[in-house]
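Novice: Let me give you the structure first, and then I'll get to my questions.
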Amino acid sequence: MAPPDHDAQKQLLIDCWNKKRGAWEAFVAQYSRLIYYSIQRASQMKSYPVTPEELEDLFNEIFELLIRDDCKKLRQYRGDRGCSVATWLRTIATRHVLDHIRRSGRTYLRVDFEAESEAAVMESSLQEPALSPEEMLLIKEREEIVAQAIAELSEDDRRFVELYYLKELPPEDVAQALRVTVSTVYSRVNRLKSKISEKIQKGARK
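Its first residue numbered 8, the sequence shown is counted upward by one per residue in my numbering.
Next comes the structure, spelled out in structure tokens:
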């Protein structure tokens with residue numbers, strides 16, 4: 008089935024905020040696959056292992072965001088410069104996922120191991136710029152601080168981060184690879200989180 012044209016897409020948004028019968032159901036049905044894809048794409052490029060529960064939560068949160076406060080977010084769509092509804096929704100979904108990842112302490116333990124920068128995620132996920140120059144600068148600065156924090160870890164700690172966070176090995180496999188106990192793995196996770204968080208905070212204050 009051919010994708011709807013720009014006018015039809017925009018009309019569906021208008022029907023949604025005017026609460027036309029069946030409009031919201033049609034909107035969700037039409038863009039569910041796009042939202043799921045955007046969530047998975049952004050999380051994969053950040054090397055963030057989104058769980059099935061997180062995937063569903065993020066999916067629901069994004070749609071709730073769109074209709075919150077009498078469809079305030081939906082009403083913001085203008086379609087400037089030929090921006091389609093699909094591209095606009097990818098922007099919203101990707102940014103929401105990045106915000107979720109920022110709130111999760113785990114993702115920043117991967118930056119040093121080829122996790123994509125947030126600017127790269129946005130650039131790859133979208134066909135047009137979605138972040139302002141100021142946002143891009145802040146993201147770049149944050150990435151540099153985190154990368155430096157991880158670079159200052161010992162070789163053993165960096166190896167642990169690679170196994171546990173990048174390769175996503177279960178604690179039992181990490182313990183076997185490093186020849187330590189599983190309880191040591193869990194203790195080390197907590198210790199490294201605290202250590203890296205402290206380094207990040209110090210770097211941010213400089």
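Cβ coordinates follow ideal geometry from the N, Cα and C atoms, glycine included.
Note that the structure is a prediction, hence the values are computed from the model and not measured.
Our contact map puts residue 65 next to residue 74 with C-beta atoms below 8 Å; I'd like the distance itself, whole angstroms only.
Specialist: By one-based count along the sequence shown, residue 65 stands at place 58. By one-based count along the sequence shown, residue 74 stands at place 67. Not confirmed; about 16 Å, so no contact.
Novice: For the candidate residues 52, 98, 53, 47, whose alpha-carbon lies nearest to that of residue 59?
Specialist: On the sequence shown, residue 59 is found 52 positions in, with the first residue counted as 1. Selected option, being the one with the closest Cα: 47.
Novice: Is the separation between the beta-carbon of residue 41 and that of residue 100 shorter than 9 Å?
Specialist: One-based indexing of the sequence shown puts residue 41 at position 34. One-based indexing of the sequence shown puts residue 100 at position 93. Yes, the Cβ-Cβ distance between residue 41 and residue 100 is below 9 Å.
Novice: Quick one: grab the DSSP three-state call for residue 90.
Specialist: Along the sequence shown, read from residue 1 onward, the residue named residue 90 stands at position 83. Note: residue 90 maps to coil in three-state DSSP.
Novice: With DSSP as the reference, label residue 19 as helix, strand or coil.
Specialist: Counted from its first residue, the sequence shown places residue 19 at position 12. Of the three classes helix, strand and coil, the one that applies to residue 19 here is helix, per DSSP.
Novice: Taking its Cβ as the centre, do 16 or more other Cβ atoms sit within 10 Å of residue 53, making it buried, or is it exposed?
Specialist: Along the sequence shown, read from residue 1 onward, the residue named residue 53 stands at position 46. It is buried - the Cβ of residue 53 has at least 16 other Cβ atoms within 10 Å.
Novice: Taking just the CA atoms, how far does residue 163 sit from residue 154?
Specialist: Mapped onto the sequence shown, residue 154 falls at position 147. Mapped onto the sequence shown, residue 163 falls at position 156. Answer to the nearest angstrom: the Cα atoms are 16 Å apart.
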